[in-house]
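To start, the structure itself, in structure tokens.
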Amino acid sequence: MTSALPPPTIGLPPGLFADAFPFHFVFDRTLTLRQMGKGLGRIAPSFAPGSLLPRLLSIETPTLPLTFDTIKAHSAQLFILRLATNNTRLRGQMVYLAQDDLIVFLGSPWLNNTKDLIQLGLTLSDFALHDPVLEILQVMQVQSMVTTDLRKVTERLSAQRAELRAANADLRDEVAKRLHAAEELETQRDFAQQVMNTMGQGLTVTDADGCFTYVNPAFAELTGHRAEQLIGASARTVIVEGDWPLLAPAPGDGTSRSQVGEVRLIKADGSRRFVLMTSVPRWRDGRYLGMIAVMTDLDERKRVEEEMEIARDRALEASRIKSDFLANMSHEIRTPLNGISGIAELLGDTSLTSRQHEMLGILTTSAHTLLALVNDILDFSKIEAGKISINLQPFDLRQCLESCLDVVATAAQRKGLGLGYLLKLPAPTAVCGDKDHLSQILINLLSNAVKFTDRGEVSLIVTPQQHPDRPDAFEFHFAVRDTGMGIPLDRQSDLFQSFSQIDGSTTRKYGGTGLGLAISRRLCELMGGRIWLESTGIPGSGSTFHFVTPMDSLSGEQKQSGPAPMPFRDKTAILLMDRSSGHTQWRNLALLAEQWGMEVWLGDSIKEALTFHQSTKPADVIVTEDRIHAATKSDSDDAWPAPWANMPVVLLKEMGQADRESADLSTYPVVKPVKAESYFQALEKALTSTTNVAAKRQRLTAPTGEKLADQFPLRILVVEDQLANQVVIRRMLELFGYTAEIAGSGKDALAAIQATDYDLVLMDMRMPEMDGLETTQRLRTLEQTTRPNRRVRIVALTANASVEDRRACLAAGMDDYISKPIRLSELRRMFEEMHESYNQPPQRTNESQKNQP
Amino acid sequence: MYGMVNKAVEEMVLLHFGSDTWEEIKRAAGLDLEMFISNNGYADEVTYQLVGAASKILNLPTEQILHAFGEHWVLKTAEEGYGYLMAAGGSSLGEFLNNLPNFHARVSLIFPNLQPPIFRVSDVTTESLHLHYFSHRPGLQPFVEGLLSGLAKRFQTHARISVLQNREQGADHGVFLVEWPQS
């Protein structure tokens, strides 16, 4: 058993005590400081033995007066003291040492943070090892760090919360947008669904395997299946195999190009249905997704098309029947007309009383009017049936214009009207265009102008306009001007309509169908041009009908770009005109003369002309009207000036007067309307052979028409099935001294031709069994094999006066044509042309033509 | 390891390489946390993983990173967090190293879960001493070496630090000879 050891008396030597309590201090009853630790001396230098305690510090806790006994009495309490020098607080306890009647304070400075250590100038070694102040400071420091961490965490959390709020707001916006978009999408989807459900066309969507993923009710109805049955099924199950290629995009396509084609659906009952399918392939990132197709039922359309086709065929057939009927009627009317006209013309050459002549004139005019009517109706019906086509051919424009004027010349002359044309220069004369239709328009306009003009002049003025970029392209402006009755403004707009005339009385007074201008307008449009009217509407002020049409100049003409030849260079002409016969033709004559190199004086005063001749320049030739020349020669007051006694004179004569040559050896006649070529020849003769009387006499003994057969014998065959026509033609030929043989059919004609070498065949077009065209073709073939070096001249006798018919004649191998009813003047022209071609060298070169007008 | 250590690693990376690199290192270390709390304990592996990931990402040897971390700890982390305590620890390298054992002993009391290394000083002269380093954690001797280097810089003292005994080479504790010639 061990006995408890007596507790040791712990007494620390002063040095160790100072180390153990570096911040202690001791004071006596007088509160005088008796001893202190070194640490206290470091933080409070005012502490020194002998100092009075109240000056050095105060008691903060407990709340006591600073007296020795009071402190002694409360020594069991924790004391917190505050140093006077730096407010540092000391924490510790008071121990009363009874033996020495002293009180010792044991404690250390109370520090709140490590910074205080440095401010008080303390180091770690200033503290006793047992003193926990440093650890407390460490703890506080760690707390400070943790607080910093927490603040950072809080800051980060706040920042993240803010970010989160922002993200939430964005998210809410995004959600709202998406909701809105979804609603929109839903609306659009509903709309699309409604459209697809209600659209009349079938709509299908197929996947990449060609199986339906959607079909609308219309498609289901087209097939006769229910939509549910079709979903998932291959499109091939409802489409005929031959149409499958339309169900997939073209290999390697890769685009959303649509395909359109007709496909045949297989209906539920096995029947077929035509639909028009438009399919669009769907692709995403180069991957084929399938096809969207829209199908339109074609059954109804096909039925309507078929009905329309039938109706169109019927209409075409009706139109063809009508055209044929009109053509036949035309022919049937022409045939007896031919007889009437022919006999009337023959009657005219017999001795008749004046009353009979008058009646015969009415008969002839009526027959011609009826013929014009038939021609108009035939033309119009052909235009309506679309049977008119444009035939471009090279031709001489000036000759064409002159031919047109020729047609109306007789009528103009009969009414005492001036008639002339003017081709404004520079102008290409060789052009490429539809000569026949151009002539038809011009003749129609000129005929109308003559018909509706009682006095004055009818003129045709042609103005070419070259294309700015294409030198060979021209637009020709034709103006047919008259000094007639004029056209009221309120009737001008429908004047070019069918069956339109100014009023009913016009038809009664002037005749005609009212189709002429409508035909002209349509022809003009076919030729790429237009036609219009210029008239003030004041009665008697006259009218001008204009039309324009494009025509190309022939390239050969263009190459001849040098100056025109001037055959009459240095010559001077006096053109003494008669204003009453129209100014236009005189302008044209002056222009032509200037073109050929002459100096021209143009006027209507003999006196002025003579002054020019005597004072300015002596003339080489005078061109004037026959009337002026004749009147002045017989009138002693205004006699033909003596200085002109031997002057060569080119005389403009009316038709019918030219044949009766004047005995005056110095005059050279030219028939009105003057043709450039005959004008040139007359001038040439007047200027080069003014004294060639022998030549003149030779001309005077040239064969007349009546003796033509003697001078120009021909073997003639007439191919004509109608007896009346045979008689008329034979009689007419007899007037020229010819005796013709007759063949009553094409077959007879071929036989006759094989037997006899004819020079001329007059071929009727309409004959039973073998018509004129076929007979001609066979005849030409026969000719090739039997007489390759001989070519008989074949002239058509055609009642079918249209341009197309004439072309058909020439194409079949004919050389010329004469319209029925046959006129003597036409026969004379034919013989003259034939005579001329026989007398001229076989091939007249273009170059020589170019040097002629 | 307390959070303040990992936090110091983070601060060092942020200071020298930026936040993107730090995030990359965290990802490489498999760490998915926003930040470290200073007085919170974390598994030692966290620190090792961070150092390993940093070595990989920054392409630097682990030893170098630990050495740099040691310097950073003294010059930045301790200075900013314990500046006054550090100042109170001594006015010279020798004084501070002499106080180090006590200083560390006190710290271990404050952080109950801390298993801090233990330091001991021997062979003290006016210009040198031996610092003994005891720790149950392997591989951190370069960190201690970095600490000593950082302290020398803090006191603006030219010091030579030699490893007399390396724990990583089998010794029971590491011993450093720290010399600071006066002239």
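Chains G and D supply the protein sequences, listed in that same order. The working numbering applies: residue 1 is where the first sequence begins, and numbers increase by one. The working numbering applies: residue 1001 is where the second sequence begins, and numbers increase by one. We treat Cβ as the ideally placed atom computed from N, Cα and C, and that holds for glycine. Computed from a prediction, not measured in an experiment: that's the story for all the values here.
Practice task
Would you tell me roughly how many angstroms separate the C-alpha atoms of SER1135 (chain D) and ILE1118 (chain D), rounded to the nearest one?
Solution key: Roughly 7 Å between the two C-alpha positions.
Practice task
Closer than 7 Å, Cβ to Cβ, to anything on chain D: give me those residues from the stretch 105-118 of chain G, in chain order.
Solution key: Look at the stretch 105-118 of chain G: the residues with a C-beta under 7 Å from a C-beta of chain D are THR114, LYS115, LEU117 and ILE118.
Exercise for the section: Check the C-beta distance from ASP396 (chain G) over to ALA430 (chain G) and give it rounded, since I have them as a contact under 8 Å. Expected result: Taking a contact as a CB-CB distance under 8 Å, the pair ASP396 (chain G) and ALA430 (chain G) counts as one, their CB atoms being some 6 Å apart.
Problem - Which residues DSSP lists as bridging CYS432 (chain G), in chain order - result: Beta-bridge pairing by DSSP links CYS432 (chain G) to G:PRO394 and G:ASP552.
Exercise for the section: Would you kindly work out how many angstroms separate the C-alpha atoms of GLN595 (chain G) and MET732 (chain G), rounded to a whole number? Expected result: GLN595 (chain G) and MET732 (chain G) have their C-alpha atoms spaced approximately 42 Å apart.
Exercise for the section: Can you tell me the Cβ-Cβ gap for GLN141 (chain G) and THR123 (chain G), rounded? I've got them flagged as a contact below 8 Å. Expected result: That belief does not hold up - the Cβ atoms of GLN141 (chain G) and THR123 (chain G) are roughly 16 Å apart, past 8 Å.
Exercise for the section: Can you tell me which of the three DSSP states GLY537 (chain G) falls into? Expected result: Coil.
Problem - Pairwise C-alpha distance: ARG264 (chain G) and ASN391 (chain G) - result: Just so you know, the alpha carbons of ASN391 (chain G) and ARG264 (chain G) end up roughly 46 Å apart.
Problem - Within-7 Å CB hit, ASP100 (chain G) to chain D - result: By this cut-off, ASP100 (chain G) is not an interface position.
Handout entry: Spatially closest choice to GLY772 (chain G) from G:PHE736, G:PRO788 and G:ASP721, by CA coordinates
Key = Distance from the Cα of GLY772 (chain G) is smallest, within the candidate group G:PHE736, G:PRO788 and G:ASP721, for G:ASP721.
Handout entry: Any 3 or more C-beta pairs closer than 8 Å across the stretch 1172-1180 of chain D and the stretch 1123-1138 of chain D
Key = Because the criterion of three Cβ pairs below 8 Å is met, the stretch 1172-1180 of chain D and the stretch 1123-1138 of chain D touch.
Problem - 7 Å Cβ cut-off: residues of chain C touching MET1001 (chain D) - result: Note that chain C does not occur in the displayed structure, where the protein chains are G and D.
Practice task
Quick one: give me the first and last residue of the alpha helix (DSSP H) that HIS1016 (chain D) is part of.
Solution key: From DSSP, the alpha helix (DSSP H) with HIS1016 (chain D) extends over 1003-1017.
Exercise for the section: Alpha carbon to alpha carbon, how far is VAL728 (chain G) from ILE343 (chain G)? Give it in angstroms, no decimals. Expected result: Straight-line Cα distance between these residues: approximately 6 Å.
Problem - MET308 (chain G) to ASP299 (chain G) span [Cα, whole Å] - result: MET308 (chain G) and ASP299 (chain G): Cα-Cα distance of roughly 14 Å.
Practice task
Determine, using beta carbons only, whether ASN1059 (chain D) comes closer than 7 Å to chain G.
Solution key: Proximity of ASN1059 (chain D) to chain G, defined by a Cβ-Cβ separation below 7 Å, is not satisfied.
Problem - beta strand (DSSP E) segments (min. 3 residues) lying fully within the stretch 458-487 of chain G - result: Within the stretch 458-487 of chain G, the complete beta strand (DSSP E) runs of at least 3 residues are 473-482.
Practice task
Using three-state DSSP, classify ARG236 (chain G) as helix, strand or coil.
Solution key: In this structure, DSSP gives ARG236 (chain G) a helical state, which the three-state scheme calls helix.
Problem - DSSP bridge partner residues for PHE79 (chain G) (one or two, in chain order) - result: Answer by DSSP bridge pairing, in chain order: G:GLY92.
Problem - Candidates G:ARG257, G:PHE191 and G:ARG272, of which the one nearest LEU224 (chain G) by Cα - result: Checking the displayed sequence, the identity of residue 224 (chain G) turns out to be Gly instead of Leu. Here the closest residue by C-alpha is G:ARG272.
Problem - Inter-residue Cα distance where the pair is SER581 (chain G) and GLY813 (chain G) - result: Their Cα atoms are separated by approximately 42 Å.
Problem - Contact check, ALA18 (chain G) vs GLY37 (chain G), beta carbons under 7 Å - result: Yes, they are a contact pair.
Exercise for the section: Kindly confirm or deny that the stretch 564-578 of chain G and the stretch 613-626 of chain G touch, where touching means at least three C-beta pairs closer than 8 Å. Expected result: Result yes; three or more Cβ-Cβ pairs closer than 8 Å.
Handout entry: Buried versus exposed call for ARG341 (chain G) [16 or more other C-beta atoms within 10 Å across all chains shown]
Key = The sequence given here has Ser at residue 341 (chain G), not Arg. By the neighbour-count criterion, in which a residue is buried when 16 or more other Cβ atoms sit within 10 angstroms of its Cβ, SER341 (chain G) is buried.
Handout entry: Residues of its chain near THR690 (chain G), where Cβ-Cβ distance is below 6 Å and the 5 sequence neighbours each way are ignored
Key = At THR690 (chain G), the pLDDT of 46 sits below 50, so the modelled position is not reliable; the number obtained from the coordinates is stated separately. Answer for THR690 (chain G): PRO648, listed in chain order.
Practice task
Look at the Cβ atom of ALA755 (chain G), then the Cβ atom of LEU717 (chain G), and state whether they are nearer than 7 Å.
Solution key: No.
Problem - Entirely enclosed alpha helix (DSSP H) segments - the stretch 579-650 of chain G, minimum 4 residues - result: Within the stretch 579-650 of chain G, the complete alpha helix (DSSP H) runs of at least 4 residues are 584-595, 606-611 and 626-634.
Handout entry: Exposure label - PRO539 (chain G); buried when at least 16 CB within 10 Å
Key = Label assigned to PRO539 (chain G): exposed.
Problem - Short Cβ contact (7 Å threshold) for GLU864 (chain G) with ILE1110 (chain D) - result: Absent from the structure is residue 864 (chain G), since the part of chain G shown begins at 1 and ends at 853.
Practice task
Taking PHE476 (chain G) and VAL462 (chain G) to be in contact with their CB atoms under 8 Å, please state how far apart those CB atoms are, rounded to whole angstroms.
Solution key: Yes, PHE476 (chain G) and VAL462 (chain G) are in contact; Cβ-Cβ is about 6 Å, under 8 Å.
Exercise for the section: Pull up the distance between the alpha-carbon of ALA808 (chain G) and that of GLY744 (chain G), whole angstroms please. Expected result: Answer to the nearest angstrom: the Cα atoms are 22 Å apart.
Handout entry: Proximity winner among G:MET551, G:THR536, G:THR206 and G:SER543, relative to GLY854 (chain G) (alpha-carbon distances)
Key = Residue coverage of chain G in this structure runs from 1 to 853, which leaves residue 854 (chain G) outside it and unanswerable.
Practice task
Quickly, what does DSSP pair GLU262 (chain G) with across the bridge? List them, please.
Solution key: As computed with DSSP, GLU262 (chain G) is found in a beta bridge with G:LEU276.
Handout entry: Cβ of ASP149 (chain G) within 7 Å of any chain D Cβ
Key = Taking Cβ atoms only, chain D reaches closer than 7 Å to ASP149 (chain G), which makes this a yes.
Exercise for the section: Note down, in chain order, every chain G residue with its Cβ under 8 Å from the Cβ of ALA1087 (chain D). Expected result: Near ALA1087 (chain D) (Cβ distances below 8 Å), the residues of chain G are LEU117 and ILE118.
Problem - Assigned exposure category for LYS177 (chain G) - 16 Cβ within 10 Å defines buried - result: Exposed, since its Cβ has fewer than 16 Cβ neighbours within 10 Å.
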